[in-house]
Amino acid sequence: MMATTPAIVAPVQFVVDGPPAVKGSTFSFFYRGRIVTKQDAKNLTSWAAQVAWCAREAGVPLIPKGVGVIVSVVYEFAPPIRLVRSSPCTRPDIDKLARALLDALTGVAYEDDGQVVALTVRKMYGTDTRTRVWVDRA
């Protein structure tokens, strides 16, 4: 009887066109004697839905709990008219971009974002504004 080796599955890649949303900060304040908590994330809900749709269309499988996940992401931004720097070292913050993406992939690519064991994130100038994502099992 021959031993079977597990199939090697390549990472699944998908692209989300358009500007990414960031995971903003939450803040609380008093209003008419009550504490109100708000989040300063613009377009996060619609962008997260777009990420989920693109991931499903690309065939990203739902990786079950207990299995590690590797996520790589490249955020491409259209260069400004007058290019001063070779890379976009301005807002949005790379950590807030990554948090928004990881939360958007929860329930689509993995059950919990705690499964992510490796994360590679990069911002760069490209021809169009888009987000390229690779998801793989660890």
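For the sequence shown, my numbering assigns the number 329 to the initial residue and increments by one for each residue that follows.
No residue lacks a Cβ here, since even glycine has one placed at the ideal position from N, Cα and C.
All values reported here derive from a predicted model rather than from experimental measurement.
If residue i sits next to residue j, beta carbons under 8 Å apart, how far is it from one beta carbon to the other, in whole angstroms?
i           : j           : result
residue 466 : residue 388 : Contact flag wrong, Cβ pair sits at about 15 Å.
residue 452 : residue 402 : 6 Å
residue 459 : residue 350 : Actually they are not in contact, since the Cβ atoms of residue 459 and residue 350 sit about 12 Å apart, beyond 8 Å.
residue 391 : residue 426 : About 18 Å; that fails the 8 Å criterion.
Can you name the start and end residues of the alpha helix (DSSP H) that residue i belongs to?
i           : result
residue 373 : 372-386
residue 426 : 422-433
Under 8 Å between the Cβ atoms of residue i and residue j?
i           : j           : result
residue 457 : residue 404 : yes
residue 428 : residue 380 : no
residue 464 : residue 348 : no
residue 467 : residue 366 : The chain is shown from 329 up to 466; residue 467 falls before or after that span and cannot be answered.
Nearest CA to the CA of residue i: which residue from the options?
i           : options               : result
residue 373 : 352, 360, 359 and 357 : 352
residue 442 : 394, 414 and 401      : 394
residue 423 : 450, 366 and 439      : 450
residue 386 : 364, 361 and 341      : 341
Around the C-beta of residue i, are 16 or more other C-beta atoms found within 10 angstroms, so that it is buried, or is it exposed?
i           : result
residue 357 : exposed
residue 445 : exposed
residue 430 : buried
residue 377 : exposed
residue 412 : exposed
residue 406 : exposed
residue 408 : exposed
residue 399 : buried
residue 461 : buried
Grab the span of the beta strand (DSSP E) containing residue i for me, first residue to last.
i           : result
residue 451 : 444-453
residue 471 : This structure gives no information on residue 471, because the portion of the chain shown stretches from 329 to 466.
residue 404 : 397-405
residue 464 : 458-465
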